[in-house]
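Undergrad: Residue numbers (the working numbering): 57 to 164. Don't be surprised by glycine CBs; every beta carbon is placed ideally from N, CA and C. Since this is a predicted model, take the numbers as computed values, not measurements. This is the structure, below, for whatever I ask next.
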């Protein structure tokens, strides 16, 4: 076990512990949908713009959405791509796989 394992795992789990963040992750995993209104990101066409997430989430304020995106990004679960003034987000499946792998020692 590496140093600070428990602290790292608790922080990583905390980022996934909010239902809104789980909705955001699910929406980002599904990728860009046909009813999204923002322009497509040329660097990563499946990436999702916060404006589209905002429309789908409805009752989540822009500042709250920004906070949740930052939490997910800081833990490496999503990555940000900027194109002009727009920000786009996509899933980092490797990070989710690593979290699962790190946690697996509990049940092995």
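Decide if the stretch 145 to 156 is in contact with the stretch 70 to 86; the criterion is three or more beta carbon pairs, one per stretch, under 8 Å apart.
TA: With a cut-off of 8 Å, the stretch 70 to 86 and the stretch 145 to 156 count as touching, because enough Cβ pairs lie within range.
Undergrad: Could you pull the start and end residues of the beta strand (DSSP E) that residue 122 belongs to?
TA: Within the chain shown, numbered from 1, the residue matching residue 122 stands at position 66. Here residue 122 belongs to no beta strand (DSSP E); instead the alpha helix (DSSP H) covers 118 to 130.
Undergrad: For residue 147, is the classification buried or exposed, using 16 other Cβ atoms within 10 angstroms of its Cβ as the cut-off for buried?
TA: On the chain shown, position 91 is the one that residue 147 refers to. When all chains shown are included, residue 147 counts as buried.
Undergrad: Report buried or exposed for residue 60, applying the criterion of at least 16 other Cβ atoms within 10 angstroms of its Cβ.
TA: The residue labelled residue 60 in the question sits at position 4 within the chain shown. Looking at its Cβ environment, which holds fewer than 16 other Cβ atoms inside 10 Å, residue 60 is exposed.
Undergrad: For residue 145, count the other beta carbons within 10 Å of its own beta carbon; 16 or more makes it buried, fewer makes it exposed. Which is it?
TA: Sequence index remark: in the chain shown, residue 145 carries index 89 (1-based). Counting Cβ neighbours within 10 Å, residue 145 comes out buried, since at least 16 surround it.
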